[in-house]
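Inspection log for the structure reproduced underneath, given as structure tokens.
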Amino acid sequence: MLISLYLRSCAILLLLIILTDFNSFSQEKTLFTKQPSAETGILFQNKVLESPELNIITYEYFFNGGGVAAGDFNNDGLVDLFFTANLLPNKLYINQGNWKFTDITRTSGAGGRRGWKTGASVADVNGDGFLDIYVCYSGDLDSSHRQNQLLINNGNLTFTDKAAEMGVNDMGYSTQSAFFDYDRDGDLDLFVMNHNIKNLRNFDAAYVKKMVDPGAGDRLYENREGKFVDVTLKAGIISNPLGYGLGLNISDINNDGWPDMYVTNDYVEEDYMYMNNGNGTFREVLKSSLGHLSNFSMGVDVADINNDGRADIYTLDMLPEDNRRQKLLYAPDNYELYNNTLQNGFYHQLMRNMLQINNGNGTFSEIGQIAKVSNTDWSWSALLADYNNDGFKDLFVTNGYGRDMINRDFMKFYANERLKHIQGTTDDKMFGMLQTIVSTPLHNYIFENVDGLSFKDRSADWGFGELNFSHGAVYADLDNDGDLDLVVNSMNQEAGLYRNNTIEDAKGGHFLNVNLKGYGKNTLALGASVSVYAGTKSYSVQNYPVHGFQSAMQGPLHFGLKENKIDSIKIVWPDGTYEVMRGNIGIDKTVLFEYKPGLKNIPPALPAKTLFSEASVSLPYKHTEDVVNDFKIQPLMPNMLSYSGPRIATGDVNGDKLTDLYICSPKGQKGAIFIQLQDGRYVESKQPDIEADAGDEDCGAVFFDADKDGDMDLYVVSGGYAIDDPSSLQDRLYINEGGRFLLKKELLPVDNISGSQVTVLDFDGDGDNDLFISGRVKPEQYPMPVPSMLLENDGKGKFTDVTSSKAPMFNNLGMVTDAAWVDMNGDKKNELIICGEWMPLKAFHFENGKCSDVSEKIFKEKLNGWWNRMAFDDLDGDGDLDMVAGNWGDNSQLHASATQPVELYYGDFDNNGFIDPLICYYIQGTSYPMASRDEMTDQIVSLRQKYPTYDSYADVKIKDVLTPEQLQKASVLSVTYLSTTWLENVNGTYVARSLPVQADFAPVYAIHIDDFNKDGKKDILLLGNIEQTRIKIGKIDANEGVVLLGDGKGNFRYEDQTESGLKIGGCVRDVKIIGERSGKKILMAGVNNGQPVFINY
Amino acid sequence: MKMRLFTVSLFIASSLFAGKPKPSATDQYVLCLKKVTDVMVNDVASPVAASRYYAYVSLAAYETATLYAKLPSFKGVLNGFNGISVSKELLNGTDKDLAILLAIMKTGERLLPSGYMVKKDTDSLMAAYAKNPALNKTAMLVDSVVAQVMKYVAGDGFNKLNNMPRYILRNGDGYWKPTPPAFMAPIEPHWNSLRTFYLDSVQQFKPEPPVPYDTAKGSSFYKMMKQVYDVDRERDPNKQEIASFWDCNPFAVQQIGHVEFGLKKISPGGHWVGITGIACRLRKLNIEQTVLVHALVSIGLADAFMACWDEKYRSNRVRPEHVIQRLIDPAWKPLLQTPPFPEYVSGHSVASNAAAVILTAIFGDSLAFNDNTEMEFGLKARKFSSFNAAAAEASISRMYGGIHYMDAIDQGVWQGRQVGQFMVNKMAVHYGAAKNSK
């Protein structure tokens, strides 16, 4: 009895717990809630069913889905909705308020024709005050079925197609269109973005790029009194057959008041970034503006995401977030294809979403991976808007593709197998095969913009957990409550209306909605730009309706606000005039501004006074790499090591008190001594001994007095990874004899270490200069540890290797990249501080000429990183030496922490005499090998039998790949910290402190510390970037010279590129002061495989 | 079609060996080998890789046969091969035919990436012999043989290939570049580092250097290149059929937008192994002869490919596709998909002629046969009056297909015949056995 009572109460308790849990779950309302179609009345579905005649093979954009257009078609103050369906009629719904809509497709005449319908645009094309609709047509149909429609609004909720009459019945394979006033003549012109329906990938690029293709090429139409005239070629628009246009955005990208354009292209053709010349023509500037871009670019949005007043660009691609789909879908790195593409004149394109931050100087920094918005799978719409009214524009992404066409197993195994067993016509066979391809619905992504540069994935807690195939989408305030709702067009599913609960649930924040009334035929002032100022903050939005994939929205411009009042609003009208409204404008409401003639033109922005200027320096040198591909030797290395230069050594070689220099040069190019003349020119000094060593790869160098004769001798470290001749690794000492540098082989021990740099030190305190030589890599055996060397000077310049007797721990140090000899604890004795790849920062102390490892004492934490460079100075003004250490950064797929390290398992696992380096890193909380199935099985051939298919490899972890015995035998390196950081010297111990996020935009290879803004406080300049990486990692190039201004207390703030004046492209590998002119210091940045850059301050 | 049905029904149920008319041991041998071929096709074994698999598989089968019959082993004949030794005890109570068949399957299992797929067929073979009292002992014997063959395999240098430097493109228009549509890295640039089976070295029969690259209109090279283009423009259905018949591309990449997949066929080596099977059955050879003939052809093919690959990565010549696009027609595409490796010399020419010489030495120069090897890939059978006639057609087919110049074919034919003839001379004993033991 007792027992049963006990059990019963337990059961009730359990039930209660379950109920409570359930309740708390159901009460947890997400930011967005999907409105049931039974209530809204929106039953629209883009139904797309495959048939043998119509499928992804007969028309390759079969799964691209439909669009959404939002706008107030009856001018009742409520935003109405128009949906395109590929095959079935489009639908027009009138918003009745209270989340009720009426389908007026039948009476309105807006349902469209038969044919394949794609994008929809809204605009008041004829300037009569009513919104019109432009619908794009495509499909593998003859041209008469592909005429785009211009549905002119008759003002009574009926529409008449006037496309032919007005000259815009474009018969290309259209994806989307945009109306905008490109020539600022007061009426709306039209851009139509088209795509090729044929697979064009085997071609001679130069030849094809010159062609003009009526079906695939994009087109620009100028509005001349209501008739549209094709001005494509005259205006400089590219219209070739390689156009696979998928994303279109009009924005003023360079803030000159003229509308610019960004067009994304699928496949090999780059996106187009058109700058408006203001004279009826455009110039395409993509390659000079971006370091790299999405490969299979799909949707695009342009908006100011960091509230600096400049338009940033976000493009979508297909990289999945999870490991499994990456392994199943991602092709292995193919350098042949990548290089072939570059050689054909195409650009750096990588398969992932790109977030291009506008630097305001004509260039962009791509930071999609550090912002964590790079992997959203096969994605269509990107919508940047402030969904939670906190002042930062958040990001909504739709995605999904009908079938996993690029599944590797399908490609390599199943397709052939299926085709073999299906009987019938070719079409039937193909269709049968297609039906067997996996179909994977995905959830849409929504990201909260946290601080302008970092995003947090809110897909689940903001209400987007549902799996589907979603394409077109818009944001619009459907209930006029002040927050932005979302509308999504999904395939074979009812359209989704997502109600934003920010205002209803009083989740905080404020808003201001701004309506504009324009002039002439541009009744809605398309092209206007509105900025709202509140305190120190400013928020800006441009008035262009085309956003989202194949979608558009014309509604009030939405501003979310953290502040509870605003100070002023600035409107720049489409004609370039502007006005500023001050005073009590109020918030949490919708305001209307009308254009007034006679306003002043906005003055052009004055060039700001910058901290740095380009210095005109005569120093004729160009670093010219011998082209090698390290991945041909060890395909699984993360980065190439053959592109490490140039380092620069400085010193006064001739005693004239002017800085001279030595530039380290790659194999095949002679290292060069440049002598500074009194007039500031640098001339190369002819040095036969140095020239004779041009076959060596110089990795580091130093001027120092080796033989105590009072002049500067030169030590050069030889290194490299792809070595033909081991004797080329021998370092060189050139003794200065009256300006002639003579190689003295007899003064150095024989060495075969591939080094990275040399540090001068007096470890034994005997008053002469000893040397520490860092070992970088064992050629062709990455990542085997390599010895570093301690060389003792006999006082006359003869050096002996004393590593084994004085510092035996250097024999096995790891892959060292930099070292410094500094007195960091003020005991008048220097420590040797070193850093390296896959290494912690380390410190060594010498006592009586003997070395001991004091890393644990000197560094508070063990910071394992991919460290490249160090610099020392007093950053917080407390009199001791602080430190800045350059690391890999955080702008790649690799992220590391103590609990989620990046790891490297290595050993000769297949016993063939070669090292197999297997990198693993965390994806969604689990560590997986980086190598794809093919890369892994090519490295360890015996694994081909273990992983015969991609599926069999898709979930494996390192402990599955390696047997327990191999795992036991494996050496493991680990990285827990990838940030570039400054380390505060706290009573002789270095404590890591963080730097602004810009420090981690790219790997840092050069650091310079000084007071740049002359406020008496030390500032930091970081330089770097990397191009020679695995394709999967990709070119990282977001650092154009990051200036961090110090407040003298150890706090740093990033100085905008327009204010620092820096725009240094390429891979910088060293920075040195090489002189001073007119009171300004001259900095030289050594750029890999390029001209050095000179700046002064 | 008949052939295909037969193939499919092999090993389906043990009924094959229970009551119903039992296929001859020779038929079973051919069918087992076909099973291994199917898995090679699945795995997209490259032409060179396939030739190596065939060589070891047939070597294992043949050395097994030598345990039972008075047949000359390849011990001491093949480079580095010390033969197979098994104890009398192990041999006692085993079944010869089954042992030979199992040797094929079990070696295939060990060698092929998708060995697990071969294993399924091994299992059904074993099931078919379930009632045979010798089954278990035979399997043990074969395991021992296969282990010894695998030791021989381990020394051929294959396991070092994956760590040799990947191919680095040479600068210059005359040198090979990756070809559309997949722009794959070239296949096996270090194949010449493998141990040859019987050639003294891969360079023993070094072809003449190719006609020098020259874009001047009157040059020999230009004329050869133009010939490829002109033949293609003829659109001669007969030539096109010949080209397609001998395509033998293990992985023709199809790209339709984002849809990308490979269409698979047997390799040139696979085709000639198929012809070898046809010949053995046509002449009703017994299983010992069949195994020996297959071993000779397979080993000959393997060395032929090594010699050919040595030349390919010495001359590194550009494919017609690139040159014709640049000099004549930017939109030109060859009839056959260009395979991903350098042009000179034609691998099909080398392989076909080596095989033809070897087969002619055994069967004579007038064995007419109906070549239905490619029927399962939708290609009509073709009749040939002799092996040499077939080889000649295979060679010229590469020019018809737009993937080779004429000198690569001429020199390929020369190299193939040398490689074949050298074997015939060197292994007179084996040829004698193949001809006489009937």
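Taken in sequence, the protein lines are chains A and B. With this note's numbering, the residue at position 195 of the first sequence is 197, and numbering never jumps. With this note's numbering, the residue at position 153 of the second sequence is 154, and numbering never jumps. Cβ coordinates follow ideal geometry from the N, Cα and C atoms, glycine included. These numbers were taken from a predicted model, which means no experiment stands behind them.
Practice task
Using beta-carbon positions only, say whether A/M275 and A/L288 come within less than 8 Å of one another.
Solution key: Locating residue 275 of chain A in the first sequence gives position 273, where the first residue counts as 1. Locating residue 288 of chain A in the first sequence gives position 286, where the first residue counts as 1. Closer than 8 Å, so yes.
Exercise for the section: Report all residues from its chain with a CB closer than 6 Å to the CB of A/N827; omit the five preceding and five following residues, and keep chain order. Expected result: Taking the first sequence and counting its residues from 1, the one referred to as residue 827 of chain A is at position 825. Around A/N827: G990.
Practice task
Measure the Cβ-Cβ separation of B/G370 and B/A280 and say whether it is below 8 Å.
Solution key: For the purposes of this step, residue 370 of chain B is taken as the residue at position 369 of the second sequence. For the purposes of this step, residue 280 of chain B is taken as the residue at position 279 of the second sequence. Sequence check: residue 370 of chain B is Phe here, not Gly. A contact, by the Cβ cut-off of 8 Å.
Exercise for the section: On a CA-only basis, which of A/D880, A/E581, A/G588 is nearest A/E565? Give me that one, please. Expected result: The residue you call residue 565 of chain A lines up with position 563 of the first sequence. Residue A/G588 is the option with its Cα nearest to A/E565.
Handout entry: Test: B/G263 CB closer than 8 Å to a CB of chain A
Key = As a first step, residue 263 of chain B is located in the second sequence; it is residue number 262 there, counting from the start. Answer yes: the Cβ-Cβ gap between B/G263 and chain A drops below 8 Å somewhere.
Exercise for the section: Quick one: using the 10 Å Cβ neighbour count with 16 as the cut-off for buried, is A/S241 buried or exposed? Expected result: If you number the first sequence from 1, residue 241 of chain A lands on position 239. The residue in question, A/S241, is buried, as its Cβ has 16 or more Cβ neighbours within 10 Å.
Handout entry: Among A/F1003, A/K200, A/I921, the one whose alpha carbon lies nearest that of A/V963
Key = Translated into positions along the first sequence, residue 963 of chain A becomes position 961. A/V963 has its Cα closest to that of A/I921, out of A/F1003, A/K200, A/I921.
Exercise for the section: Starting from A/Y316, follow its DSSP beta bridges and name the residues at the other end. Expected result: By 1-based counting over the first sequence, the position of residue 316 of chain A is 314. For A/Y316, which the question treats as bridged, DSSP gives the partners A/D303, A/L357.
Practice task
Mind checking which residues open and close the alpha helix (DSSP H) that includes A/M583?
Solution key: Along the first sequence, read from residue 1 onward, the residue named residue 583 of chain A stands at position 581. Per DSSP, A/M583 belongs to no alpha helix (DSSP H); it is in the beta strand (DSSP E), 580-584.
Practice task
Please decide whether B/N250 counts as near chain A, where near means a Cβ-Cβ distance under 8 Å.
Solution key: The residue you call residue 250 of chain B lines up with position 249 of the second sequence. Cβ-Cβ to chain A under 8 Å: no for B/N250.
Practice task
Could you work out which residues of chain B lie near A/I635, taking near to mean beta carbons separated by less than 7 Å?
Solution key: In the first sequence, counting from the first residue as 1, residue 635 of chain A sits at position 633. Here the neighbours are P166.
Exercise for the section: Find the residues of chain A that neighbour B/V45, judging by a C-beta separation of less than 8 Å, and give them in chain order. Expected result: As a first step, residue 45 of chain B must be located in the second sequence, where it is residue number 44. What B/V45 touches in chain A: K414.
Handout entry: Length at least 4, wholly inside the segment 915-970 of chain A: the alpha helix (DSSP H) runs in chain order
Key = Taking only runs of at least 4 residues, the alpha helix (DSSP H) segments lying wholly in the segment 915-970 of chain A are 935-941, 945-948, 952-955, 960-963.
Practice task
Examine chain B for any beta-carbon lying closer than 8 Å to the beta-carbon of A/I725, and answer yes or no.
Solution key: To locate residue 725 of chain A, count along the first sequence from 1; it is residue 723. For A/I725, the answer is no, since every Cβ of chain B falls outside 8 Å of its Cβ.
Practice task
Note down, in chain order, every chain B residue with its Cβ under 8 Å from the Cβ of A/N297.
Solution key: Position 295 of the first sequence holds residue 297 of chain A. The premise fails here: A/N297 is roughly 12 Å from chain B at the closest Cβ pair, so nothing lies under 8 Å.
Exercise for the section: Return no unless some Cβ of chain B is closer than 8 Å to the Cβ of A/D940. Expected result: Walking along the first sequence from the start, residue 940 of chain A turns up at place 938. So, interface residue.
Handout entry: Beta carbon proximity, B/F198 to chain A, threshold 8 Å
Key = Here residue 198 of chain B refers to the residue found at position 197 of the second sequence. No - not a single Cβ of chain A is within 8 Å of the one on B/F198.
Handout entry: Listed by chain order, chain A residues near B/P340 by CB distance under 7 Å
Key = Walking along the second sequence from the start, residue 340 of chain B turns up at place 339. Those within 7 Å of B/P340 in chain A number zero; the least Cβ separation is about 14 Å.
Exercise for the section: Taking B/Y115 as the query, report the chain A residues whose CB atoms sit under 7 Å from its CB, ordered along the chain. Expected result: Sequence index remark: in the second sequence, residue 115 of chain B carries index 114 (1-based). The question names Tyr, but residue 115 of chain B in the sequence shown is Ser. Those are P950, listed as they occur along chain A.
Exercise for the section: Starting from the beta carbon of B/K161, find every residue of chain A whose beta carbon is closer than 9 Å, and list them in chain order. Expected result: Working through the second sequence from its first residue, we reach residue 161 of chain B at position 160. N914, G915, F916, listed in chain order.
Problem - Close Cβ partners of A/G1018 (< 6 Å) along its chain, the five nearest in sequence each way excluded - result: Counted from its first residue, the first sequence places residue 1018 of chain A at position 1016. Once the five neighbours on either side are set aside, A/G1018 has no close Cβ partner at all.
Practice task
Mind listing the chain B neighbours of A/I58? Cutoff is C-beta to C-beta under 9 Å, in chain order.
Solution key: Taking the first sequence and counting its residues from 1, the one referred to as residue 58 of chain A is at position 56. Near A/I58 (Cβ distances below 9 Å), the residues of chain B are I257, G258, H259, V260.
Exercise for the section: Could you tell me whether the Cβ of B/A186 comes closer than 8 Å to any Cβ of chain A? Expected result: Your numbering for residue 186 of chain B matches position 185 in the second sequence. So yes, B/A186 belongs to the interface.
Handout entry: Proximal residues to A/G769 (C-beta, below 7 Å), its chain only, five neighbours per side dropped
Key = Indexing the first sequence from 1 puts residue 769 of chain A at position 767. Closer than 7 Å at the Cβ level, and outside the excluded window around A/G769, lies no residue.
Problem - A/W868 - partner residues in DSSP beta bridges - result: Working through the first sequence from its first residue, we reach residue 868 of chain A at position 866. Beta-bridge annotation (DSSP): A/W868 is paired with A/E839.
Handout entry: Helix, strand or coil at A/D709 [DSSP, three-state]
Key = Here residue 709 of chain A is taken as the residue at index 707 of the first sequence, counted from 1. Coil.
Problem - Selection from A/G113, A/F911, A/G557 that minimises the alpha carbon distance to A/N545 - result: Taking the first sequence and counting its residues from 1, the one referred to as residue 545 of chain A is at position 543. For the residues A/G113, A/F911, A/G557, the minimum Cα distance to A/N545 belongs to A/G557.
Practice task
With 8 Å as the threshold, decide whether the Cβ of B/I359 is near any Cβ in chain A.
Solution key: Working through the second sequence from its first residue, we reach residue 359 of chain B at position 358. Taking Cβ atoms only, chain A never reaches closer than 8 Å to B/I359, which makes this a no.
Handout entry: Straight-line gap, A/V752 to A/V375 (C-alpha atoms, nearest Å)
Key = For the purposes of this step, residue 752 of chain A is taken as the residue at position 750 of the first sequence. For the purposes of this step, residue 375 of chain A is taken as the residue at position 373 of the first sequence. In a straight line, the C-alpha of A/V752 is about 51 Å away from that of A/V375.
Exercise for the section: Compare the C-beta of B/P331 against all C-beta atoms of chain A and say whether one is closer than 8 Å. Expected result: On the second sequence, residue 331 of chain B is found 330 positions in, with the first residue counted as 1. Closer than 8 Å to some Cβ of chain A, the Cβ of B/P331 qualifies, so yes.
Handout entry: For A/R405, three-class secondary structure by DSSP
Key = The residue labelled residue 405 of chain A in the question sits at position 403 within the first sequence. It is coil, neither helix nor strand.
Exercise for the section: List the DSSP bridge partners of A/E1057. Expected result: The sequence position of residue 1057 of chain A within the first sequence is 1055, counting from 1. Answer is A/V1045.
Practice task
State buried or exposed for B/C288, treating a residue as buried only when at least 16 other CB atoms are found within 10 Å of its CB.
Solution key: Here residue 288 of chain B is taken as the residue at index 287 of the second sequence, counted from 1. The question names Cys, but residue 288 of chain B is Ile in the sequence shown. The residue is buried, with at least 16 neighbouring Cβ atoms inside 10 Å.
Exercise for the section: Ignore the nearest five residues each way along the sequence and tell me which others in B/Q422's own chain have a CB closer than 6 Å to its CB. Expected result: Within the second sequence, numbered from 1, the residue matching residue 422 of chain B stands at position 421. If we look at B/Q422 and ignore the five residues flanking it on each side, its Cβ neighbours are V358.
Problem - Contacts that A/V943 makes with chain C (C-beta to C-beta distance below 9 Å) - result: Checking the listed chains, one finds no chain C in this structure; the protein chains it contains are A and B.
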